[in-house]
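What follows is a set of notes on a single structure, which appears directly below.
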Amino acid sequence: MVAVLGLPLAPGTAGSGGAGLSDAVSALVVAVCVAVTLRRAERPLTRTAALVLGLPVVGIALAAAGADSPSTAAVGMVRYCQIFVLVPVSVLVLVRDRRDFRFLAWSFVGLALWQGVIGVQQYLTGTGASYMGEDIRAVGTFGPTDVMGMATVVSYGLVAAVGLALGARTAARRTPALLCALALLLPLALSFSRGAWIATVVACGAQVLLAGLRRAVRLFAVAAATAVVLVGGLGVGTALLQERMTSITQVTDAPDQSVTDRYTMWAAAVGMWSEHPVTGVGLKGFPAYRDSHASLALSSGSDTGGAGAAFARQPLLSPHNMYLLILSEQGLIGLLGLAGSWLALLLLALRRLGRGAGERSVGGERSGAGGPPGAGGPSGAGERSGGVGRAGAGERSRAGGRSGAGGRSGARHGSGVCERSGAGGRPGAGGRSSAGGRSGAECGLVACGLLGWQLVDFVYADIGGPSTVLTGLVIGLAAWWGLAPQAPPKEAAAP
């Protein structure tokens, strides 16, 4: 699903609003999840996971039932369930361990680098989307009708790389992630997306606080030095880029037309909700009610062009604020269901990350084979390979177990989601499990960072376009980290 988004889109596909190749692949992923669940013949989700991930369905169904156009509402219901329920559940079920999680995180980084390279090339050659009269806006393969596509992908990759760098125990893992994060700063800047900039700063700042300030000082120093080189040495800080950054602080004093349109549509969304407070105007109903609730300050559409496409006026079909879009179309019930689910996932993910950090700081990390702290000791997420002592969250491997001889560490449980230590349980040098570095801190920081980025970005954007399927993956990764059950404390590998 991630790799598909690296393919060039056919002209007009990005803004068509219909199902694309990425949606077809996501349907295949859901089908595989169903097949795996049936083969396991066991309950795939815990009660908590089913409640948290199934909560949005109530508001979505009610809003679809009350819509003026049943056919349009049905399409919207499928889309919402796809992104916020089915894809996250599939990720939760299909991701087996931290190695799978890290593979997905690195796939985000790889896609971001690919799109970023294309975006920088578009800026340098003047073949990007139109911005302020010049074809310089980096949009990657998404085209001028989905200018947020590349910005979203690059932001995901940057946040994932920062999480991988902050959580890595060894330089071999930390250095590539750090270099990727620094490389993605340039295409993110050239996307000219203020919302993506703000969300990335907030998410990465939160990751730094969660990882510990002292650990992140060097990363900040390197990032600052890179910014100085890009802006001063390479001349990346063009007048247009500086003007765009300055406009962030002028959205109330001297807003441009795009900001005026956004404020006007926000007010229209609030007006729709005030008339239909419980269930909203119905799924996909915002465009039909927009003109009757918007002021004359709203323009007829946004100008698009460049990147191989002719000039066109793109209609304003959403308020560019996910929370207000839900509030206007699904009412309070829909907002409580969706936003409540996201907030619960964030809190659960933060709790697990904090619990692992507390265990490392209070109990210390014991080495299973005389290695350095944390090399094979109890992990905050319950993974352990060999040695003596308690597992941090309930998974234990006896001293005479088979983890050092190729057996699995811990016990597989019937949840459909299990954590395995390494590939077959073989510990790395010093008794460290190759899949459990730093008690899963990499996975936790990536999950919390990506979900945090998404929740902040939803203030300035909503779903739409081919890159939307990645939102489902982000929610799924956060769900896996926060909801994947652990083995019982007494459960152990066979002697």
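Counting along the sequence shown from 1, when you hit position 57 you're at 57 in the UniProt record's numbering, and nothing is skipped either side.
Yeah, the Cβ is synthetic: ideal placement off N, Cα and C, and Gly gets one too.
By the Cβ neighbour-count rule, T175 is exposed, with fewer than 16 other Cβ atoms within 10 Å of its own. Under the DSSP assignment, R262 falls in the alpha helix (DSSP H) whose first and last residues are 257 to 275. Counted as a single uninterrupted DSSP element, the stretch harbouring R96 is not any alpha helix (DSSP H), since DSSP gives it neither H nor E. Counting C-beta atoms within 10 angstroms of its own C-beta, Q257 has fewer than 16 neighbours from the protein chains shown and is therefore classed as exposed. Put simply, of V75, I463, V139 the residue whose alpha carbon is nearest the alpha carbon of P8 is V139.
Taking C-beta atoms as the reference points, A105 and A64 fail to come closer than 8 Å. In terms of Cα proximity to P319, the closest of V109, Q122, Y289, V89 is Y289. Under DSSP, no beta-bridge partner is assigned to E442. Checking the DSSP bridge columns, you'll see T304 partnered with A312. Note on the segment 36 to 77: whole alpha helix (DSSP H) runs with a minimum of 4 residues are 47 to 54, 56 to 65, in chain order. Ranking A307, G205, I83 by CA distance to the CA of G128 puts A307 first. Rounded to the nearest angstrom, the gap between the Cα atoms of L336 and E134 is 42 Å. For S292, the enclosing alpha helix (DSSP H) stretches over residues 286 to 293.
In the DSSP secondary-structure assignment, R137 is bridged to A129. For G163, the uninterrupted alpha helix (DSSP H) run begins and ends at 147 to 167, by DSSP.
The three-state secondary structure of T170, taken from DSSP, is coil. Separation of the CB atoms of G59 and Q330 is rounded to 5 Å, and the pair is thereby assigned contact status at 8 Å.
Excluding the 5 residues flanking it on each side, I326 has same chain C-beta neighbours closer than 6 Å at G334, L335, L338, in chain order.
Cβ neighbours of W114 within its own chain (closer than 7 Å, five residues either side excluded): G6. L53 is the residue among L53, V202, V36 whose C-alpha sits nearest the C-alpha of L483. Taking all protein chains shown into account, G449 has 16 or more neighbouring C-beta atoms within 10 Å of its C-beta and is therefore buried. The C-beta of F103 has fewer than 16 other C-beta atoms within 10 Å across all chains shown, which makes the residue exposed.
By the Cβ neighbour-count rule, P70 is exposed, with fewer than 16 other Cβ atoms within 10 Å of its own.
For the pair G282 and A447, the CB atoms are not nearer than the 8 Å cut-off. Here the alpha carbons of V147 and A27 stand approximately 25 Å from one another. T170 is classed as exposed because its beta carbon has fewer than 16 other beta carbons within 10 Å across all chains shown.
Between the segment 288 to 302 and the segment 338 to 352 there are fewer than three inter-stretch CB-CB distances shorter than 8 Å, so the stretches are not counted as touching.
Between L451 and V474, the C-beta gap is smaller than 8 Å, which places the two residues in contact. In the three-state scheme derived from DSSP, where H, G and I count as helix and E and B as strand, S107 is classed as helix. Of all alpha-carbon atoms in L188, L179, V89, R355, the one lying nearest the alpha-carbon of R47 is that of V89.
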